[in-house]
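The sequence shown begins at 1 in full-length UniProt numbering and counts up by one.
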Amino acid sequence: MTIFSFIYSYITNYSFNEPNLLNYVLVTSEFLFLRRLGEQQIIGWIFHYLIGIAFAYLYYKGIDIYDFDSTLPNGVLYGIILSVLGISGWACLLFKNFPIPDIYFKGFFFHLILAHLVYGLSIAVCFEFLFF
């Protein structure tokens, strides 16, 4: 997903770097400890990857608990669900912060849909071929 984001940013000439946006959210927070945390550029990357790992684990538990197969259609469905969650989460984070970052929001949200579809498909392929 991260590689897709960089490629998409390169192709469209818009910078949609989620870890940097996470740092922006922290740095512009009203809480001092979050501002200090956001000054460490690596924190955005850590948060971004921890969220990705958590959603991969939820996919795994969904397969395990509900006895689903890890198929490409299930990956697409999971990507759609994550798109809705991702757009909702980013909208809450970015629009509650002031100043609002100077990004092309329609492009960013469209990018999130595509990126989460890529992520859902990647997880499905990994679990289908590598783990089960």
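In this text, a Cβ means the ideal position worked out from N, Cα and C, and glycines have one as well. Source: prediction; values computed, not measured.
- A distance below 6 angstroms between beta-carbons, with the five flanking residues on each side excluded, links GLY86 to the following residues of its chain, in chain order: LEU112 and HIS116.
- Judged by DSSP secondary structure, GLU39 falls outside any alpha helix (DSSP H); it is assigned neither H nor E.
- Taking the C-beta atoms as reference points, GLY120 is found no nearer than 8 angstroms to LEU93.
- By the 16-neighbour rule on beta-carbons within 10 angstroms, TYR24 is buried.
- Between the alpha carbons of LEU50 and ASN17 lies a distance of about 16 angstroms.
- Minimum Cα-Cα distance from PHE95 among the listed residues SER29, SER5, THR2 and SER9 corresponds to SER29.
- Here the alpha carbons of ASN13 and GLY75 stand approximately 28 angstroms from one another.
- Under the three-state reduction of DSSP, TYR14 is assigned to coil, being neither helix nor strand.
- No Cβ-Cβ contact shorter than 8 angstroms links LEU114 with TYR10.
- When rounded, the separation of the alpha-carbon atoms in PHE108 and ILE80 is 16 angstroms.
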